[in-house]
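S.K.: My questions all concern the structure below.
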Amino acid sequence: IRAHPLSRTLLSNARSATRSKTTLLSGAMQSSSTMERPADKYSPTYFLASLGMGGIAVTFFMYPLFWVPHPGRTVPIFEDIVAAWVKGDASLQAAIVISMAGILSFAVLNLYTLAWNLRSYAAFKKSDAYAKLRQSHAESTLLAMPLTLAMSVNVVFIVGIVFIPRIWTVIEYLFPIAMTAFALITVHAFYLLSHFLGRVLTKGDEAPHNTFAQVTPAFAIAMIAVGFAAPAAMSSNPSTVGASIVFSTALGTFAIVYAVFAAISALSSMLKHGTSKESAPTLMIIIPICTVLGIMFMRQDHGLHYTYDAHTNAGETLVFLARMLSIQLAFLFLGGVVIFAHGYLDDFVFGSKTSAGSYALVCPFVALSVMLHFFVNKGLVAAGVIAKYDPAYWFVTSIALLSQAIAIALVIRLNMQHFTPRQVQTAATKPAEDIEAAPELDESRDGDATDIAQGLSG
């Protein structure tokens, strides 16, 4: 019977059927695709997305700050902008439209992404990843939350003075409210920082910390300090100005000391271990710190000048701003060298890979834009080096506008990468009762085919 041609055919068909059912079974266990956003794998570093959008809103505020006349005040308010619109030419009107639209749009995005981050962070705190983060050097990145909160308070203040009529009549009542908000953020920042420093300085951590993410706490404290310094530049109440100067000085000094020690420690680790590819953008965190501290010092100088009769001349301000800008350019060069050496942009900006740390690229360009506006207006023009609106003025200003455009382009690109759903392959096993079991075939016995052949032969 085994030698019968029909028996051999049936045996071959039985084997084929077994292979087909085995293939069907394995196919049912193959991966299926679902739509997910890279941002759904949350990290506290995503607070930098909200921070960057808030920073871009500030860059648009530079237009009315330096191009709209605001006599008797250090900042333009709604009434000043309306008057400039009525009396200004078409170019000034265009600048006002662009600035108002930019401030409002990116302020909304800043607050929206801040709310998303706070919700995601609350869920993240319940995960094992959060517990692991609190035991690593990456714990310092938790300071991105108070950093962003402080930025958002500054953004809300800008929106208020630009869009709300007659706000200057109640401005003195708003300063204590703003300072209280910054005080609460300060408490939260130092709570997070104390846990990190308490663990690291008592238990130690031998893991490489070859990243400037360790400087994030200094950035957060500096951002709070510049917020505290705002009343020094705008208030006419000596007590408010004094409190503003004292608190901002204390926080600013702490930020400088912390930044120096953290940067030296991180640089030492980098020289020993090199930099990881994903941490390359953190090298440029010094750029926004310089801008924030520079504005803080200028706000304090204004308060000292008008309230306490302490004077700083235009030449000294020019030299100060030039020094701060020089530090920024040095770290822009350093960060750029490492980023291009790693091929970071090809992978994480223009490529398909994603990293929440990519949003750290936005802040340096925001900071450079703001610092260049101050340098050209409060430095070069105020000292009489160049005249306002002459070719040299627009040349330097165009660099600030280019830096702003790069920051906007980065935000748009990174938002598309991180918040656009994409297909992700996930393993999906079909329930056993839904799959027809494939019969086992013992080829040494050929029993199934033999039984069939015997029946046909009979």
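In this note's numbering, the protein residues as written are 27 to 484.
Every residue gets a Cβ at the ideal spot worked out from N, C-alpha and C, and that includes glycine.
On a predicted model such as this, the values are computed, not experimentally measured, just so you know.
When you compare only the Cα positions, how much space is there between Y89 and L130?
M.R.: The alpha-carbon atoms of Y89 and L130 are separated by roughly 14 Å.
S.K.: When you compare only the Cα positions, how much space is there between S384 and F374?
M.R.: One C-alpha to the other measures close to 7 Å.
S.K.: Since I247 and F280 should fall inside the 8 Å C-beta cutoff, what is the C-beta to C-beta distance between them, to a whole number of angstroms?
M.R.: Right, their Cβ atoms sit about 6 Å apart.
S.K.: Do you know whose CA, among A121, N441 and I190, lies nearest E105's CA?
M.R.: Comparing Cα-Cα distances from E105 to each of A121, N441 and I190, the minimum goes to I190.
S.K.: Pairs of beta-carbons, one from the stretch 133-150 and one from the stretch 178-193, closer than 8 Å: are there three or more?
M.R.: With the cut-off at 8 Å, the stretch 133-150 and the stretch 178-193 touch.
S.K.: From V226 to R439, what does the alpha carbon distance come to, in whole angstroms?
M.R.: Cα to Cα, V226 sits roughly 36 Å from R439.
S.K.: Please confirm whether L317 and Q354 have their CB atoms less than 9 Å apart.
M.R.: In the sequence under discussion, the amino acid at residue 317 is Thr, which differs from the Leu named in the question. For T317 and Q354, yes; Cβs fall inside 9 Å.
S.K.: Chain D beta carbons: is any one of them nearer than 9 Å to that of G278?
M.R.: Note that chain D does not occur in the displayed structure, where there is just one protein chain.
S.K.: Compare the Cα-Cα distances from Y334 to each of K158, I271, F238 and V241 and report the closest residue.
M.R.: With distances taken between Cα atoms, Y334 lies closest to I271.
S.K.: To the nearest angstrom, report how far apart I82 and L219 are at their CA atoms.
M.R.: If you take the alpha carbons of I82 and L219, they lie about 27 Å apart.
S.K.: Keeping to the same chain, check which residues put their C-beta closer than 8 Å to that of L398; ignore five residues upstream and five downstream.
M.R.: Taken in chain order, the residues that qualify are L351, V422, T423, I425, A426 and S429.
S.K.: How far does the alpha helix (DSSP H) with V363 in it reach, from first residue to last?
M.R.: Its alpha helix (DSSP H) spans residues A340 to H368.
S.K.: Please classify R225: does DSSP put it in a helix, a strand, or coil?
M.R.: Here R225 sits in helix by DSSP.
S.K.: Measure the alpha-carbon distance for M310 versus P102 and round it to whole angstroms.
M.R.: If you take the alpha carbons of M310 and P102, they lie about 31 Å apart.
S.K.: Is the CB-CB distance between A239 and T308 below 9 Å?
M.R.: Yes. Within cutoff.
S.K.: Can you tell me whether M9 is buried or exposed? The criterion is at least 16 other CB atoms within 10 Å of its CB, across all chains shown.
M.R.: Nothing can be reported for residue 9: it is not among the residues displayed for the chain, which extend from 27 to 484.
S.K.: Evaluate K158 with the Cβ neighbour count: other Cβ atoms within 10 Å of its Cβ, from every protein chain shown; 16 or more gives buried, anything less gives exposed.
M.R.: Exposed, because fewer than 16 other Cβ atoms sit within 10 Å of the Cβ of K158.
S.K.: Ends of the alpha helix (DSSP H) at A269?
M.R.: From DSSP, the alpha helix (DSSP H) with A269 extends over P264 to H299.
S.K.: Would I290 and G361 qualify as a contact pair, given that the criterion is a beta-carbon distance under 9 Å?
M.R.: For I290 and G361, no; Cβs fall outside 9 Å.
S.K.: If contacts are defined as beta-carbon pairs under 8 Å, then P546 and A215 qualify, I think. What distance do you get, rounded to the angstrom?
M.R.: Lying outside 27 to 484, the shown extent of the chain, residue 546 is not represented and no answer is given.
S.K.: Please give me, in chain order, every unbroken run of the alpha helix (DSSP H) with length at least 4 that falls completely inside the stretch 390-456.
M.R.: Runs of the alpha helix (DSSP H) inside the stretch 390-456: 417-445.
S.K.: Can you tell which of T100, L436 and Y217 has the C-alpha that lies nearest to the C-alpha of F391?
M.R.: Ranking the options by Cα distance to F391, first place goes to L436.
S.K.: Using alpha carbons as the reference points, say which of A207, F222 and I203 lies closest to T167.
M.R.: Per the Cα distances, F222.
S.K.: Residues in the same chain with beta-carbon distance under 7 Å from H337, minus the five sequence neighbours each way, listed in chain order, please.
M.R.: So the qualifying residues of the chain are H331.
S.K.: Is the CB-CB distance between R99 and M205 below 9 Å?
M.R.: No, Cβ-Cβ distance for R99 and M205 is not below 9 Å.
S.K.: Looking at the unbroken alpha helix (DSSP H) that takes in M88, where does it start and where does it end?
M.R.: From DSSP, the alpha helix (DSSP H) with M88 extends over F73 to W93.
S.K.: Helix, strand or coil: how does DSSP classify S162 here?
M.R.: In the structure shown, S162 sits in coil (DSSP, three-state: anything other than H, G, I, E or B).
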